[in-house]
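Enquirer:
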Amino acid sequence: MRRLRASRTLPGLVLGVLCLSFAVGASAGWGSHQLSIFMGDFGLAAAALGAALSCLVYGCTTGGHARPAWLLFGLSSLMVAFGNGTWGWYELVVRRALPQDSLAEYAFLLFAPLAITGVLVLAQHPRSAAGWLCLLLDGWLIAGSLFTLSWSLALGRIAEGEDGSPLRIALSLAYPVLDILLVSLVVGLRFGGRDGNRAAVHTAMIALAVTVLCDALFTSPELRNSYHSGELLDAGWFSGSLLLAWAPWSSRWRRPLREHPSAGGLPRRRVATTFSALTPYAAAAVCTAGILYNALGGRELDRVVCAAACTVGLALILRQGVMLLDNLSLAQELAHKESHFRSLVQGSSDVIMIAGANGVLSYVSPAALGVYGRDPEELVGGNLLDLVHPEDIDRVLSEVRRYLARVRLTAHRSPGTAEPSARVECRIGSGDGEWLHVESTVSRHRDGLILNSRDVTERVMLQAQLQHNAFHDPLTDLPNRALFTQRLRGALGARGQQGEAGAGVAVLFLDLDGFKAVNDTAGHQVGDELLVQAARRLQGAVRSGDTVARFGGDEFAALVCGPLGRLQVQELAERLRVALSEPYWIGGTELSVAASIGIAFGTPERGPAADPRAAADELMRNADLAMYRAKSEGKGRVVLYSPAMRADLERRSELEERLRLAVREGGFTLLHQPVVDLASGAVVGVEAKARWRSAGGLLLTPAEFLRSADHGDAAARFARWLVHEAVAAAADRRDLPTRGRSALPPPPVPVAVRLSAERLCTPGLYETVAAALRDSRLPAGDLVIEVARMGPDALADELGRRLAALRRLGVSTWLAGYGAGSGSLGALARLPFDGLKLDRTLVQDLGESAVGRTLAGHALRLGRDLGMSTAAEGVDLPRQVAALQELGCRRAQGSAFAPPLDEPRLRRALARRGYPLPGPHAARRPHAAPLPAPPQAPNPAPQAAPHPATHPAPNPAPHPAPDTRTSGRDAAAPGRGAHHHGPSDLPEHRAATGPGAGPHGETVIPPA
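Quick note on numbering: this note's numbering labels position 798 of the sequence shown as 1061, and the sequence is numbered without any gaps.
1. Is the number of C-beta pairs between the segment 805-818 and the segment 741-758 that are closer than 8 Å three or more?
2. Closest to residue 836 by CA distance: which of 1101, 772, 931 is it?
3. Beta-carbon separation of residue 493 and residue 473 under 8 Å?
4. Hey, quick one: how far does the beta strand (DSSP E) through residue 898 stretch, first residue to last?
5. With a cut-off of 8 Å on the beta carbons, I'd call residue 1164 and residue 935 a contact; round off their distance for me.
6. Measuring CB atoms only, is the segment 321-338 touching the segment 356-363, in the sense that at least three cross pairs come out at less than 8 Å?
7. CB-CB under 7 Å to residue 943, same chain, minus the five flanking residues each way: which ones, in chain order?
8. Rounded to whole angstroms, what is the Cα-Cα separation between residue 378 and residue 308?
9. Following the continuous beta strand (DSSP E) through residue 627, name the residue where it begins and the one where it ends.
10. Taking residue 879 as the reference, which of 841, 889, 752 has the closest Cα?
11. Using the rule of at least 16 other Cβ atoms within 10 Å of the residue's Cβ for burial, across every protein chain shown, is residue 627 buried or exposed?
12. Check each candidate in 844, 700, 744, 710 and name the one with the smallest Cα separation from residue 727.
13. Find the nearest neighbour of residue 1093 within the set 1102, 724, 1065, judged by alpha-carbon distance.
14. Three or more beta-carbon pairs under 8 Å between the segment 702-722 and the segment 601-616, yes or no?
15. If you draw a straight line from the C-alpha of residue 851 to the C-alpha of residue 775, how long is it?
16. Taking the alpha carbon of residue 659 as the reference point, which residue from 703, 1048, 874, 586 has its own alpha carbon closest?
17. For the beta strand (DSSP E) containing residue 616, name the first residue and the last one.
18. Residue 918: buried (16+ other C-beta within 10 angstroms of its C-beta) or exposed?
19. Does the distance from the C-beta atom of residue 844 to that of residue 899 stay below 8 Å?
20. Report the residue from 380, 356, 348 whose alpha carbon sits nearest the alpha carbon of residue 370.
21. Of all the options 1075, 862, 466, 599, which has the alpha carbon lying nearest to the alpha carbon of residue 881?
22. Quick one: give me the first and last residue of the beta strand (DSSP E) that residue 852 is part of.
23. Could you pull out every residue in the same chain whose Cβ sits closer than 6 Å to the Cβ of residue 343, ignoring the five residues on either side in sequence?
24. Let me make sure I understand the geometry here. Which of 350, 823, 576, 797 has the alpha-carbon closest to that of residue 807?
25. Pairs of beta-carbons, one from the segment 665-674 and one from the segment 640-657, closer than 8 Å: are there three or more?
26. Measuring CA to CA, which of 1095, 996, 946 is closest to residue 1059?
27. My output table needs one value for residue 1151: the three-state DSSP class, helix, strand or coil.
28. Please state whether the Cβ-Cβ distance between residue 282 and residue 604 is less than 8 Å.
29. Would you call the CB atoms of residue 1036 and residue 990 closer than 8 Å?
30. Alpha carbon to alpha carbon, what distance is there between residue 642 and residue 623?
31. Measuring CB to CB, does residue 860 end up less than 8 Å from residue 793?
32. Comparing C-alpha positions only, which one of 599, 594, 506, 977 sits nearest to residue 1025?
33. So, at 8 Å on beta carbons, what are the nonlocal neighbours of residue 278 in its own chain, with the 5 sequence-adjacent residues on each side left out?
34. In three-state terms, what does DSSP make of residue 574?
35. At what residues does the beta strand (DSSP E) containing residue 824 begin and finish?
36. When burial is assigned at 16 or more other CB atoms within 10 Å of the CB, is residue 948 buried or exposed?
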């Protein structure tokens, strides 16, 4: 910064030193007469030549409107240099005085016209005729006044003293007249020039003014007669030439002009309006001084002075007339603009107020009557803060102080820039006593403030309504999940900071049982009204400080905070359950729903590492788990969360993930259990059973693992895999090898695949069955789909449609596991089943219990009466086989014939075509041993699967012979029952424990 400032001041210092040195040398006479003449002639010529070269170079290298002016200034200086050089030639070389009609006089005479032309080029041209007239009048006022004064002082005596031709007199008077004209233009340019290169123009005008001043002094007869080269007057001409030489380049050494913020980047105009207005009067004063000089000097009134003075007076009168007309025009324009802005202010819908530094209102626009309901005249003179709401006064004062501090800081750091404005929102009292929300734009006005205010009450109310809608349920107006979560986090965090003893937080999740049935039967409008009434009951049952929220659908939640124990929260939950379970009267109809409630307790988070967000999320997950446990346990009850629920969920999630990986990576294998005809012992079908292949190559039957296949996306994938594998294996077995040339190949036997009703209704399963049959080319009659359980009655219609579609495809459908699980007899009669298979729970007590025999007999009789084929699973003992024969059961499967077999053993069993049946008295031998399995050849395959265990494996179903139903359709396929794993499945094999047990209770299947 210091270097920059030094570089800016260095040229000025050099210029000042040169001028001062020349002035000192001239005042001292330069030490000798010859040196004085040399410096007075050739020194001035060198300075003028430097000015000429500087202006010419700048004019040739720089474009723009000022280029001709600098070229003219260079030529005028060149004339001066030529004249001074010629003068020095005569005095120093020729050594005689300068002749009167030498070339030097004509060169000096050409300086003024060239300079005047350059000044006119730089001058700002008026845009109207009145402007041109004012410019001419001002120019003549200045020129005439100076001419009058100059004529009175010197020009008159010069004209009288000159003898000779008129040309000589004209040349004598041309110098002062041109100088007067140049001075007039310089004065006019100073106040009416262009703004383009102000520093250069000002420096050039100063240089010309100095030169003209020295010419005026030289015109005086006293100085002219005693003048000689090298005296002090030459210092003025020398300084003028140096200033003109430096003028074109001065803008590069000057500090940039300050920009006005409204000028759009242009330099700020500095117009001396007062001096410009006084210029005509100053010129008239100069003219008057010239007349007085003649009058007081005792001279006669000169006709030239009289004529010049009269023209100056006439020009002044005309100038005054033009100024009056201009003032009238300006006054009209000002009145028009004032009226325009007044109409803008008065017609604006915003209230504009001007307040002083003390807050007193000095102006209030008429819009206050329509916006505030108050008369503006009554508000003027009052204090602004009296209108503001008491709760907003401190905030308004703080905002205003902050704004004023920012204005002062901006003015200090960036002077000349636009002042910032501020926005302040507050409440202002209206004439009817209400408080309006007002937004004001505050700007500084002199020592006070201007406030542009508008009513934003509707916008504020709309924002409040939008915010309310964002955090509340639109139907019940209860808090939604977002607001409930926010309050829960606040309760955990705030109480954790306070550290209240005994303070706790409880979250209750509530679900309306049976609400879907209300929606389906009575309609959604009635369902919405039921939700509204339920919300009112919940709000009436909780305390005032508790929060009741609706999460969506029929799910509600309650947040209970305070020093309540678990017993009190359970009592509150029970009250909520009872309140929600009471009958609802809607449209004259009584409706009933129940409520399942889950409770989770949380403690306030304390310590620096406390995270209310994570604690709230965990607490809500725990309450959700407890609520779903309440629904799974029978609905209409209250359940408290326990850590075992979380562990059970994690265990199920892990099992589902293992199931997904096993399906994707081929971790399952397929075994088949033969289905035997109880009349002939022939193998009439097989049931496909999945087994899990462990990492050690063992086949495991994890009961819990297989039960997890009934839920989630992994269950659907498992069902599709089971259908594909079973159909593909059945297609491969259609051509079994025979033992001899005369032996007939065994007839193909159907394969049964057991699925639950939920899995059978899964979208895409029918397509999976059809695609598997099409790809493997297996006849549809060789596939049996067993429904493990009918599921809820609400699923009966969809299940019936799926079963009918499968039967149209040619696939047989059976109901397996009959006698266990849920399902109404009406749904059984409506569903298109081809056969019915007894569950193992009805079979296991046939040989020892009369009650079991009676139940099994009735079940088999029901199946026959409905036109279904009958079968039984879990037949492990000979007495059970005999009992089923006596009861008329057609087919059976179980360990009494064969356990689930791998593919090589299954093919050998099919090649033998059947199994021996027990004798006629086997049913009366309660302690008879099971039938031994027929001898089997050693398995030549090294990777043959070991003999399946009997602990949790499902039992296959028989494939019955054709059995005519009431509809006349032949039922040719067995069904499949639900998985029931227990120690009674195969009592001769117990679950493995110790090292052979799986990680989730799996049973290792021992080798056959």
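No residue lacks a Cβ here, since even glycine has one placed at the ideal position from N, Cα and C.
Expert: The relevant details are as follows:
1. Proximity of the segment 805-818 to the segment 741-758 meets the contact definition, three or more beta-carbon pairs being nearer than 8 Å.
2. Here the closest residue by C-alpha is 772.
3. Not in contact: residue 493 and residue 473 (Cβ atoms no closer than 8 Å).
4. For residue 898, no beta strand (DSSP E) segment is defined, and its DSSP state is neither H nor E.
5. Yes, they are in contact, since the Cβ atoms of residue 1164 and residue 935 sit about 6 Å apart, within 8 Å.
6. No, the segment 321-338 does not touch the segment 356-363.
7. Cβ within range, chain order: 1177.
8. Note on geometry: alpha-carbon atoms of residue 378 and residue 308 lie some 17 Å from one another.
9. Element bounds for residue 627: 624-627.
10. The residue with the shortest Cα to Cα distance from residue 879 is 752.
11. Counting C-beta atoms within 10 angstroms of its own C-beta, residue 627 has 16 or more neighbours from the protein chains shown and is therefore classed as buried.
12. Ranking 844, 700, 744, 710 by Cα distance to residue 727 puts 700 first.
13. Ranking 1102, 724, 1065 by Cα distance to residue 1093 puts 1065 first.
14. The segment 702-722, when compared against the segment 601-616, does touch it at the 8 Å Cβ threshold.
15. In a straight line, the C-alpha of residue 851 is about 21 Å away from that of residue 775.
16. Considering only alpha carbons, the answer is 703.
17. Residues 614-618.
18. Buried, by the Cβ-count rule.
19. Yes, the pair counts as a contact, with Cβ atoms nearer than the cut-off.
20. Comparing C-alpha distances from residue 370 to each of 380, 356, 348 shows the shortest one belongs to 348.
21. Ranking 1075, 862, 466, 599 by Cα distance to residue 881 puts 862 first.
22. Boundaries of the beta strand (DSSP E) harbouring residue 852: 852-854, taken from the DSSP string.
23. Excluding residues within five positions, the ones whose Cβ falls inside 6 Å are 311, 374.
24. The candidate whose alpha carbon is nearest that of residue 807 is 823.
25. No: fewer than three Cβ pairs fall under 8 Å.
26. Comparing alpha carbon positions, the residue from 1095, 996, 946 closest to residue 1059 is 1095.
27. In the structure shown, the three-state DSSP call for residue 1151 is coil.
28. Cβ distance not < 8 Å, so residue 282 and residue 604 don't count as in contact.
29. With a cutoff of 8 Å on beta-carbon distance, residue 1036 and residue 990 are scored as near each other.
30. Straight through space, the alpha carbons of residue 642 and residue 623 are spaced by roughly 9 Å.
31. With contacts defined as CB atoms closer than 8 Å, residue 860 and residue 793 fail to qualify as a contacting pair.
32. Ranking 599, 594, 506, 977 by Cα distance to residue 1025 puts 977 first.
33. For residue 278, where only same-chain residues beyond five positions count, the Cβ hits under 8 Å are 505, 506, 509.
34. If DSSP states are grouped into helix, strand and coil, residue 574 belongs with the helices.
35. First-last of the beta strand (DSSP E) with residue 824: 818-825.
36. Burial call: buried.
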